[in-house]
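Accompanying notes for the structure given below.
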Ligand SMILES: [Zn+2]
């Protein structure tokens, strides 16, 4: 416990814990909740409902006279225990029930609470058309995680309590109601329909859900075919091969839940090899095609995860409901995931949007990690969020190959690095916070995913999945803490990974390696010096270093293969299979223990290697700065079979700068076989800022991959030359198959005209962006949002400001309006004091809107402003918001604004001058290099 506080307070990173943080523990349990039944009647026009919540509780001890349930802002009419009215006390947050008879251990009691709820602010959301948005659909949906179920029904609201549940709900025709588990019936009741859903497997309150709307239903299925029907399964250790499974009773063999609780039952595949599981997509009518396009891979994913996790999909159906105004991307309610309707792709968006596919995979993975195996306390939420995020990686690997998966993992690592360096550093497991929602950050998801991958690297392919199978099978329908994962690994593989968890889970941070290399030709020694440059704890890891040979005689290759074979077998998964076509290098690999601040390793080699690959496979979460000579970096960029290593080489080359480095990067932009490397190379070319880099980039606008074209269009925004301008303008006028490429181009154009050389084009660009704003409405407003971002770069222009302000008006499509609100912050920093006042006033007005996404946009805008007048607005938002996430980011924005507007302003001016000088210097250097290059011709 002490370690956590030291970690937050003793480093250069800001503390995760904000004032008011305290340790959180699961509450004492009066007993085991067995079953929760909600019986509700919805009055949708009045945004209200009434009904009964019935809870069956088996007391864990005798003599309990009072029960305390969580219930926030509900109207509680009466409480009965076993059919008899009892007294209760309600303070608006918890209801205290006085039992007439103290509990007897093991003797079940039934608590029935009659209640109603009007205009709820959290937990359950009523969506309906508004004056400015008359086409908004009528919908009702819930969001329980983390502790919001108490806002829509009384309950023991913490994840350690697992119970079966049912919801009977009366809704007006033609609305459909969807909830957890199986539909027992949908019964006609005059103008209404009564839907009765029952969830027969235990789950926590935060996963109970209800979604109501006039949805189109698209029916799909997943067939649990068992191991024999599918030959591909034989290649993998199947769950059926596990001896313990067959001995277990099957769920289906059990008569009813009341007679025998299913809590411990595990399904076996053999008993019912052809279970058909309905897979349903619910969307607003008219979006049926988008639904199939966006979620159609679900049955294949269910099959894939069933195999990978060693446990067939555990619930009787899987529904995905796309709802309006959802406040998360998705929520994995048991057997009934809710998704934001913004994830529905049209044909053009599907070209280069994998966000939706990954979202679908993520929420589905939770059906095992989170819903079947439940975390006991929020402090262990990384177990489920890490695996759900890692499942995006393994699905990518399955669907698009190892390179795509490696690159996806790098992007996850980077989003964690960014939070770690700019926000705070924290241990993955901590129970010290103000609200559990604060834990749902880039540590929990992306770092958590990287930890799972490191477990896979440590254990190797077979043992890792065996450990996952054991973890899921041993803990199905139960709650877990981090230690249960370690225990499962130990049980299944004999390996103790505590050393890894100590370094990456129980404390914050990651190694920041600097790697230098030199070759001593006389003694044929390669020297690799590894420095851990992080300020804090050193890491102690065994890492493979490889030397790459690209031009070898067959005999040499043979010899080197022999050497490799005799080396210690590596437990790491195989390297990505697709090496660049230019050459197929052979690698000579050595594994070394890296544990000191600085260590030099000497490797005797027969021949000088062409390149050095540090940490082959890049499995460990780390940052790397390569300090190799230019030829080795060039060779690595060209030949290292690992795309992530090629990316590191590209970064190092860009840092070196100079014409030769740019040429190597330009070559890679055209020739690297993997789009992810080309994307990264484009970014690096923008860093170099030589004229030649711009010309090299322009070529990339013709890349076959939309991802690369997008990266190039973004990068050109940093190369402020007429050539960039012409290329981007042409792209915008001509259009691109991808929304995102067009968006990047219009955004970059806005940035370009802020430079002195292109200032004269400002009016033209504003005209062009105005046209885009008028004409290119489209999927999720991606292109028009790009235009707004472009306008917000033209910070001194009152015309641009006016356009942005107009776009914040009510009635503007929501996504576009939110982008305009955010853009107010960016554009504010170049405006006159009068205009800044106007922006503040606008944001002040907008801050009164209660919708979560509007509040986030307002905070983002205010956080970028450079006036202390933004602070009181942030403070009052933090005080008044219902949402813990908004509260936290508003509080975090305050010191940022203080910095922006205070003494740091002078530093900022100096920095700008310095940047200007640096730029001029680069331009001179560039001209010089051009002259040199010409003189050599
Ligand atoms: Zn998740």
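Numbering (the working numbering), first residue to last: 499 to 1435. Even for Gly, the Cβ is constructed at its ideal location relative to N, Cα and C. Every value quoted in this text rests on a predicted model; they were computed, and no experiment measured them.
- Query: Between residue 1011 and residue 1122, is the Cβ-Cβ spacing less than 8 Å?
  - Reply: The residue given as residue 1011 occupies position 513 in the chain shown. The residue given as residue 1122 occupies position 624 in the chain shown. Yes, the pair counts as a contact, with Cβ atoms nearer than the cut-off.
Where residue 641 sits in the DSSP three-state scheme: To locate residue 641, count along the chain shown from 1; it is residue 143. Of the three classes helix, strand and coil, the one that applies to residue 641 here is coil, per DSSP.
Practice prompt. Determine the contact status of residue 614 and residue 534, defining contact as a CB-CB distance below 8 Å.
Written response: Working through the chain shown from its first residue, we reach residue 614 at position 116. Working through the chain shown from its first residue, we reach residue 534 at position 36. Not closer than 8 Å, so no.
request  = Mark residue 941 as exposed unless 16 or more other C-beta atoms lie within 10 angstroms of its C-beta, in which case mark it buried.
outcome  = Working through the chain shown from its first residue, we reach residue 941 at position 443. Residue 941 comes out buried.
Practice problem: Could you check how far apart the C-beta atoms of residue 1318 and residue 1306 are, in whole angstroms? I think they sit under 8 Å. | Solution: In the chain shown, the residue the question calls residue 1318 occupies position 820. In the chain shown, the residue the question calls residue 1306 occupies position 808. Rounded, the Cβ-Cβ distance is 5 Å, consistent with contact.
- Task: Tell me, to the nearest whole angstrom, how far the beta carbon of residue 1250 is from that of residue 1218; I am working on the premise that it is less than 8 Å.
- Result: Along the chain shown, one-based indexing puts residue 1250 at 752. Along the chain shown, one-based indexing puts residue 1218 at 720. That belief holds up - the Cβ atoms of residue 1250 and residue 1218 are roughly 5 Å apart, short of 8 Å.
Would you report the Cα separation of residue 973 and residue 871, rounded to the nearest angstrom? If you number the chain shown from 1, residue 973 lands on position 475. If you number the chain shown from 1, residue 871 lands on position 373. Computed Cα separation, rounded: 6 Å.
Return the CA-CA distance between residue 716 and residue 1137, expressed in angstroms with no decimal places.
Residue mapping note: residue 716 aligns to position 218 of the chain shown, counting from 1. Residue mapping note: residue 1137 aligns to position 639 of the chain shown, counting from 1. Their Cα atoms are separated by approximately 47 Å.
If residue 625 and residue 822 are in contact, beta carbons under 8 Å, what's the gap, nearest whole angstrom?
For the purposes of this step, residue 625 is taken as the residue at position 127 of the chain shown. For the purposes of this step, residue 822 is taken as the residue at position 324 of the chain shown. Residue 625 to residue 822, Cβ: 5 Å. Contact.
What would DSSP say about residue 1420, mapped onto helix, strand or coil? Numbered from 1 along the chain shown, position 922 holds the residue referred to as residue 1420. Helix at residue 1420.
Is there contact between the segment 1169 to 1186 and the segment 1209 to 1217, where contact requires at least three CB pairs shorter than 8 Å? yes
* Asked: Can you name, in chain order, every residue of its own chain whose Cβ lies under 8 Å from the Cβ of residue 1373, other than the five neighbours on each side?
  -> One-based indexing of the chain shown puts residue 1373 at position 875. Only 1388, 1392 meet the Cβ criterion.
**Q.** With 16 other Cβ atoms within 10 Å as the buried cut-off, status of residue 1366
**A.** Position 868 of the chain shown holds residue 1366. Residue 1366 should be labelled exposed.
| Alpha carbon of residue 565 to alpha carbon of residue 596, nearest angstrom | Within the chain shown, numbered from 1, the residue matching residue 565 stands at position 67. Within the chain shown, numbered from 1, the residue matching residue 596 stands at position 98. In a straight line, the C-alpha of residue 565 is about 7 Å away from that of residue 596.
query = Rounded to the nearest angstrom, how far is the Cβ of residue 537 from that of residue 518, given a contact under 8 Å?
reply = As a working note, residue 537 is residue 39 in the chain shown. As a working note, residue 518 is residue 20 in the chain shown. Residue 537 to residue 518, Cβ: 38 Å. No contact.
Around the C-beta of residue 912, are 16 or more other C-beta atoms found within 10 angstroms, so that it is buried, or is it exposed? Sequence index remark: in the chain shown, residue 912 carries index 414 (1-based). The residue is exposed, with fewer than 16 neighbouring Cβ atoms inside 10 Å.
- Item | 8 Å Cβ cutoff met for residue 779 and residue 818 | For the purposes of this step, residue 779 is taken as the residue at position 281 of the chain shown. For the purposes of this step, residue 818 is taken as the residue at position 320 of the chain shown. Taking 8 Å as the Cβ cut-off, residue 779 and residue 818 qualify as a contacting pair.
> Helix, strand or coil: how does DSSP classify residue 512 here?
Replying inline: For this step, residue 512 is matched to residue 14 along the chain shown. Coil.
- Between the C-alpha atoms of residue 692 and residue 704, what's the straight-line distance to the nearest angstrom? On the chain shown, residue 692 is found 194 positions in, with the first residue counted as 1. On the chain shown, residue 704 is found 206 positions in, with the first residue counted as 1. So the alpha carbons of these two residues sit roughly 23 Å apart.
- Query: In whole angstroms, what separates the C-alpha of residue 1016 from that of residue 962?
  - Reply: One-based indexing of the chain shown puts residue 1016 at position 518. One-based indexing of the chain shown puts residue 962 at position 464. Spanning the two alpha carbons is a distance of roughly 36 Å.
inquiry  = I'd like to know if the segment 993 to 1005 and the segment 973 to 984 are in contact, where contact means that at least 3 CB-CB pairs between them fall below 8 Å.
reply    = yes
Next on the checklist: Between residue 1180 and ligand 1, is there a pair consisting of the residue's CB and a ligand heavy atom that are separated by less than 7 Å?
Outcome noted: The residue labelled residue 1180 in the question sits at position 682 within the chain shown. Flag unset: Cβ of residue 1180 not near ligand 1.
Worksheet entry | Distance between beta carbons of residue 1240 and residue 1175, contact taken as under 8 Å | The sequence position of residue 1175 within the chain shown is 677, counting from 1. The sequence position of residue 1240 within the chain shown is 742, counting from 1. Incorrect: roughly 24 Å between the Cβ atoms, too far for contact.
_Cβ shell of residue 1341 (< 7 Å), same chain only, five flanking positions each side left out_ = Here the question's residue 1341 lines up with position 843 in the chain shown. Taken in chain order, the residues that qualify are 1322, 1356, 1359, 1360, 1371.
Kindly indicate which residue of 582, 618, 606 has the alpha-carbon position closest to the one of residue 545. If you number the chain shown from 1, residue 545 lands on position 47. Considering only alpha carbons, the answer is 618.
Closer than 6 Å by C-beta to residue 1385: which residues in its own chain qualify, once you throw out the five before and the five after it? Chain order, please. Translated into positions along the chain shown, residue 1385 becomes position 887. Closer than 6 Å at the Cβ level, and outside the excluded window around residue 1385, lie 1376, 1379.
TODO: Can you have a look at residue 966 and say buried or exposed, based on whether 16 or more other CB atoms are within 10 angstroms of its CB?
DONE: Taking the first residue of the chain shown as position 1, residue 966 is located at position 468. Result: buried.
Report task. Would you list the residues sitting across from residue 568 in a DSSP beta bridge? Result -> Along the chain shown, read from residue 1 onward, the residue named residue 568 stands at position 70. Partner(s): 592, 653.
>> Considering only DSSP beta bridges, list what residue 1086 is partnered with.
In response: Position 588 of the chain shown holds residue 1086. Answer is 1045.
Open item on the list: Please give me, in chain order, every unbroken run of the alpha helix (DSSP H) with length at least 4 that falls completely inside the segment 786 to 840.
Closed with: 786 to 793, 796 to 807
Roughly how many angstroms lie between the CA atoms of residue 706 and residue 1303, to the nearest whole one?
In the chain shown, the residue the question calls residue 706 occupies position 208. In the chain shown, the residue the question calls residue 1303 occupies position 805. Those two C-alpha atoms are separated by around 41 Å.
| request: Check whether the Cβ of residue 860 lies closer than 7 Å to any heavy atom of ligand 1, and answer yes or no. | output: Looking up residue 860 in the chain shown gives position 362. Yes, ligand 1 has a heavy atom inside 7 Å of this Cβ.
Determine the direct distance from the alpha carbon of residue 1003 to that of residue 930, and round the result to whole angstroms.
Residue mapping note: residue 930 aligns to position 432 of the chain shown, counting from 1. Residue mapping note: residue 1003 aligns to position 505 of the chain shown, counting from 1. Spanning the two alpha carbons is a distance of roughly 15 Å.
Requested in this report: Per DSSP, which residues does residue 713 bridge with? Please list them.
Outcome: Walking along the chain shown from the start, residue 713 turns up at place 215. For residue 713, which the question treats as bridged, DSSP gives the partners 782.
Requested in this report: For residue 1198, count neighbouring Cβ atoms within 10 angstroms of its own Cβ and tell me buried if that reaches 16, exposed if not.
Outcome: To locate residue 1198, count along the chain shown from 1; it is residue 700. Residue 1198 comes out buried.
What is the rounded straight-line gap between the Cα of residue 1416 and the Cα of residue 1268? Position 918 of the chain shown, counted from the first residue, corresponds to residue 1416. Position 770 of the chain shown, counted from the first residue, corresponds to residue 1268. C-alpha separation (whole angstroms): 33 Å.
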